[in-house]
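One structure is given below, encoded as structure tokens.
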Amino acid sequence: MLGDSACGTADLCDHLGQQGHDAVLKPPPFRAAVPGGFTSDDFHIDTGNGQVTCPAGHTVPLGKPR
1 MLGDSACGTA
11 DLCDHLGQQG
21 HDAVLKPPPF
31 RAAVPGGFTS
41 DDFHIDTGNG
51 QVTCPAGHTV
61 PLGKPR
């Protein structure tokens, strides 16, 4: 099931999981922790290849979801 972040409550995701569905929801953008800092939107996340690239161009493997 696809939805936007306004639909992605924890209760809804839990209910969908119990019904055998996978919820795919884009999270709302994070605000930078410090003025001028980076947000998740500044990183290139490549789930197909299991890696993430930072704004400086450094690429590392993605960790396993919690």
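Using our numbering, the letters of the sequence shown correspond one by one to residues 1 to 66.
Backbone N, C-alpha and C fix where the C-beta goes; we use that ideal spot for every residue, glycine too.
These numbers were taken from a predicted model, which means no experiment stands behind them.
Bounding residues of the alpha helix (DSSP H) (the contiguous stretch that carries residue i)
i	result
His-15	10-18
One or two residues paired with residue i in a DSSP bridge
i	result
His-44	Thr-53
CB contact flag (residue i, residue j, <8 Å)
i	j	result
Phe-43	Thr-53	yes
Leu-16	Ala-23	yes
Gly-67	Leu-62	The chain is shown from 1 up to 66; residue 67 falls before or after that span and cannot be answered.
Start-to-end residues for the beta strand (DSSP E) that takes in residue i
i	result
Pro-35	Where Pro-35 is concerned, there is no enclosing beta strand (DSSP E), given that its DSSP letter is neither H nor E.
Residues near residue i in its chain [Cβ-Cβ closer than 7 Å; skip 5 each side]
i	result
Arg-31	Thr-39
Cβ-based neighbour list, residue i, same chain, cut-off 8 Å, excluding 5 preceding and 5 following
i	result
Pro-55	Phe-38, Asp-42 and Phe-43
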